[in-house]
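Novice: First the structure, then my questions, so here it is.
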Amino acid sequence: MSTHIKDTAHFAKTVLMPGDPLRAKHIAETYLHDYEEVSNVRGILAYTGKTSEGKEISVMASGMGIPSIGIYSYELYTFYGVENIIRIGTCGSYQSECHVGDVILATSACSNSNYASQFGLKGGQVSPCSDFGLLLKAYNNAKAMDLNVHVGPIFSSDIFYDIDPDYYKKYQALGVLGVEMESYGLFINAMRLKKKALCILTVSDTFVNKDKEPDLSQEERQTKLDKMFKLALTMAE
Ligand code: HPA
4 MSTHIKDTAH
14 FAKTVLMPGD
24 PLRAKHIAET
34 YLHDYEEVSN
44 VRGILAYTGK
54 TSEGKEISVM
64 ASGMGIPSIG
74 IYSYELYTFY
84 GVENIIRIGT
94 CGSYQSECHV
104 GDVILATSAC
114 SNSNYASQFG
124 LKGGQVSPCS
134 DFGLLLKAYN
144 NAKAMDLNVH
154 VGPIFSSDIF
164 YDIDPDYYKK
174 YQALGVLGVE
184 MESYGLFINA
194 MRLKKKALCI
204 LTVSDTFVNK
214 DKEPDLSQEE
224 RQTKLDKMFK
234 LALTMAE
């Protein structure tokens, strides 16, 4: 059935997707009840269990980058009946109002990836977006949890170690809130397969307030990311 996920795995309608397999494990062990490991192909851990409200939810790692999330999201949507994939990750901030530790909900993703070239649009562009219903629900829940939340476009880059240190300024000038490396691929798969996707990010580092704001420390990572995980868990249906 599926090349990269265990054939017999059962997934909930909604899958939370951190990049890191150990983050998926942490979320399952910390927040889920009656959970089981449903797949571990190539160390990409996946769990299905219940939230504290008794709603079924899955959590599975995406790995890093658009090709990786492209594979796993395609297989979850196509072969496992998954309807909603919610990426939960970190990003670098491009705007001074997006501080380290804040939450960003991506409306859409720009990219330097050629992932959309498969559609043969002859110079045309795809504008991959979060699902509006999921976005609205996450925004309202984030506000109710008193999180510092920003909503806007992000940049999904194919390059972490860019040779041009000022490259980000072009996206910053366009009002792009921050950079990560996966959402563009996830959003395109959701568009193509008529499914839903959302991206929730915590700012882990900043390109603009560098002197004033250090990267998220190990300790802060625990508390700030846990707030984002709790927000993501409110998305179970
Ligand atoms: N670049 C790309 N991805 C990221 C970053 C970054 O600075 N920070 C967190 N994810």
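In this text, residue positions in the sequence shown follow the working numbering: the first is 4, and each later residue adds one. Here a beta-carbon is modelled for each residue, glycine too, at the ideal position from N, C-alpha and C.
#1: Keeping to the same chain, check which residues put their C-beta closer than 6 Å to that of Phe-163; ignore five residues upstream and five downstream.
#2: Take every Cβ of the region 144-157, pair it with every Cβ of the region 211-220, and state whether three or more of those distances are shorter than 8 Å.
#3: Using 8 Å for Cβ pairs, my map puts Gly-2 next to Leu-204. What's the rounded Cβ distance?
#4: Run through DSSP, which three-state label would Asp-37 get?
#5: In this structure, how does DSSP classify Tyr-50 when only helix, strand and coil are distinguished?
#6: Under a three-way DSSP split, which group does Glu-76 fall into?
#7: Give the single residue among Lys-213, Glu-185, Thr-33, Ala-200 whose Cα lies nearest to the Cα of Lys-140.
#8: Could you give the residue range of the alpha helix (DSSP H) that holds Arg-45?
#9: Drop a sphere of 10 angstroms on the beta-carbon of Ser-55, count the other beta-carbons inside from all chains shown, and report buried for 16 or more, exposed for fewer.
#10: I need the boundaries of the alpha helix (DSSP H) containing Ile-191, first residue and last residue.
#11: Are the beta-carbon atoms belonging to Cys-113 and Glu-183 less than 9 Å from one another?
#12: In chain order, what residues of the same chain lie with their CB nearer than 7 Å to the CB of Ala-31, ignoring the 5 residues before and after it?
#13: Count the other CB atoms, across all protein chains shown, that sit within 10 Å of the CB of Ser-130; report buried if there are 16 or more and exposed otherwise.
#14: Using the Cβ count rule (16 or more neighbours within 10 Å means buried), how would you classify Asp-134?
#15: Write down the C-beta distance between Ser-159 and Ser-116 rounded to the nearest angstrom, noting that I regard them as a contact closer than 8 Å.
#16: Taking Cβ positions, are Val-206 and Gln-175 nearer each other than 9 Å?
#17: What are the start and end residues of the alpha helix (DSSP H) that includes Thr-226?
#18: Does the separation of the CB atoms of Met-20 and Tyr-75 fall below 9 Å?
#19: Pull up the CB-CB distance for Ser-186 and Arg-90, whole angstroms please, since I reckon it's below 8 Å.
#20: Suppose the cutoff is 8 Å on Cβ atoms and the five residues either side in sequence are ignored; what does the same chain contact list for Leu-138 look like?
#21: Considering just the uninterrupted stretch of the alpha helix (DSSP H) at Gly-136, what are its terminal residues?
#22: Taking 6 Å as the limit, tell me which residues put their C-beta closer than that to any heavy atom of ligand 1, in chain order.
#23: Would you mind giving the Cβ-Cβ distance between Asp-105 and Asn-151, rounded to the nearest angstrom? I have them listed as a contact below 8 Å.
Specialist: Per the coordinate set shown:
#1: Cβ neighbours of Phe-163 beyond the five flanking positions: none.
#2: Flag = no, the region 144-157 and the region 211-220 do not touch.
#3: Absent from the structure is residue 2, since the part of the chain shown begins at 4 and ends at 240.
#4: Reduced to three states, the DSSP call for Asp-37 is strand.
#5: Three-state DSSP puts Tyr-50 in a strand.
#6: Checking the sequence shown, residue 76 turns out to be Ser, not Glu. Per DSSP, reduced to three states, the secondary structure at Ser-76 is helical.
#7: Nearest Cα to Lys-140 within the set Lys-213, Glu-185, Thr-33, Ala-200: Ala-200.
#8: In the DSSP annotation of this structure, Arg-45 is not part of any alpha helix (DSSP H), being labelled neither H nor E.
#9: It counts as exposed.
#10: Counting along the chain, the alpha helix (DSSP H) containing Ile-191 begins and ends at 186-196.
#11: The answer is no: Cβ separation not under 9 Å.
#12: Around Ala-31: Tyr-38, Tyr-50, Gly-52, Val-62.
#13: When all chains shown are included, Ser-130 counts as exposed.
#14: Of the residues assessed, Asp-134 falls on the buried side of the cut-off, its CB having 16 or more other CB atoms within 10 angstroms.
#15: Their Cβ separation, rounded to whole angstroms, is 7 Å, which keeps Ser-159 and Ser-116 in contact under 8 Å.
#16: No, the pair does not count as a contact, with Cβ atoms beyond the cut-off.
#17: Run containing Thr-226: 221-236, per the alpha helix (DSSP H) assignment.
#18: Result yes, Cβ atoms of Met-20 and Tyr-75 sit closer than 9 Å.
#19: At roughly 6 Å, the Cβ-Cβ gap stays under 8 Å, so Ser-186 and Arg-90 are in contact.
#20: Result list for Leu-138: Leu-108, Thr-110, Val-154, Leu-201, in chain order.
#21: 135-147 is the span of the alpha helix (DSSP H), which, as asked, contains Gly-136.
#22: Residues with a Cβ closer than 6 Å to any heavy atom of ligand 1, in chain order: Thr-93, Cys-94, Gly-95, Ser-160, Phe-163, Val-182, Glu-183, Met-184, Ser-207, Asp-208.
#23: Correct: roughly 4 Å between the Cβ atoms.
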